[in-house]
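Residue numbers (full-length UniProt numbering): 1 to 152.
Here it is in structure tokens:
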């Protein structure tokens, strides 16, 4: 089965990343049974907290496909995608994600994002540890209407 093959590839990327001093996460993006892109977690090497395997693979897939839509793609990930990655994959139109290890599997190793996912279910204004403020600009810029007009 292709799912197992591509999932194994994501896990092997994660294992290789660990061997090189990185975090244990790898991702493979596939379209029509062809690998479009791969990625590993590079937070430690780049200093970028968004450098997750899925996001790195997503960025490369969009470049390779010359499209921000990954509607017909499948994402294979070594671990359950975090809320940030899940949101980005949804925004890109991904409809299928296959992952090897769950947040429950990751919890004993300090790698679970379940608590973050749970807190994100609350209204941002009600989240503990987050000051979330809407402030209107002093001068109206008609930002969104301007954008809409440029799309026509």
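Each residue gets a CB set at the ideal place from its N, CA and C atoms; glycine is no exception. Computed from a predicted model, the values in this text were never measured in an experiment.
Proximity to residue i [Cα-Cα], best of the options
{"i": "residue 47", "options": "23, 65, 37", "result": "23"}
{"i": "residue 34", "options": "112, 21, 65", "result": "65"}
{"i": "residue 45", "options": "17, 37, 61", "result": "17"}
{"i": "residue 84", "options": "129, 120, 19", "result": "120"}
{"i": "residue 36", "options": "117, 19, 12, 67", "result": "67"}
Proximal residues to residue i (C-beta, below 6 Å), its chain only, five neighbours per side dropped
{"i": "residue 39", "result": "27, 53, 56, 57"}
{"i": "residue 10", "result": "26, 27, 28, 76, 77, 78"}
{"i": "residue 42", "result": "51"}
{"i": "residue 124", "result": "132"}
Span separating the alpha-carbon of residue i from that of residue j
{"i": "residue 92", "j": "residue 72", "result": "10 Å"}
{"i": "residue 142", "j": "residue 149", "result": "11 Å"}
{"i": "residue 145", "j": "residue 30", "result": "37 Å"}
{"i": "residue 129", "j": "residue 122", "result": "12 Å"}
{"i": "residue 15", "j": "residue 151", "result": "44 Å"}
{"i": "residue 86", "j": "residue 138", "result": "35 Å"}
{"i": "residue 21", "j": "residue 2", "result": "29 Å"}
{"i": "residue 63", "j": "residue 13", "result": "20 Å"}
{"i": "residue 118", "j": "residue 126", "result": "13 Å"}
{"i": "residue 106", "j": "residue 131", "result": "28 Å"}
{"i": "residue 135", "j": "residue 110", "result": "36 Å"}
{"i": "residue 19", "j": "residue 108", "result": "20 Å"}
{"i": "residue 32", "j": "residue 147", "result": "34 Å"}
Assumed close pair residue i, residue j - CB separation to whole angstroms, cut-off 8 Å
{"i": "residue 88", "j": "residue 7", "result": "Rounded, the Cβ-Cβ distance is 20 Å, inconsistent with contact."}
{"i": "residue 82", "j": "residue 50", "result": "At roughly 10 Å, the Cβ-Cβ gap does not stay under 8 Å, so residue 82 and residue 50 are not in contact."}
{"i": "residue 94", "j": "residue 60", "result": "That pair is no contact at about 14 Å."}
Identity of the residues DSSP links to residue i by a beta bridge
{"i": "residue 73", "result": "31"}
{"i": "residue 97", "result": "75"}
{"i": "residue 40", "result": "26"}
Cβ-based neighbour list, residue i, same chain, cut-off 8 Å, excluding 5 preceding and 5 following
{"i": "residue 5", "result": "none"}
{"i": "residue 116", "result": "82, 83"}
Own chain, CB closer than 7 Å to residue i, minus 5 neighbours either side, in chain order
{"i": "residue 97", "result": "75, 77, 81, 89"}
{"i": "residue 103", "result": "80, 112, 113, 114"}
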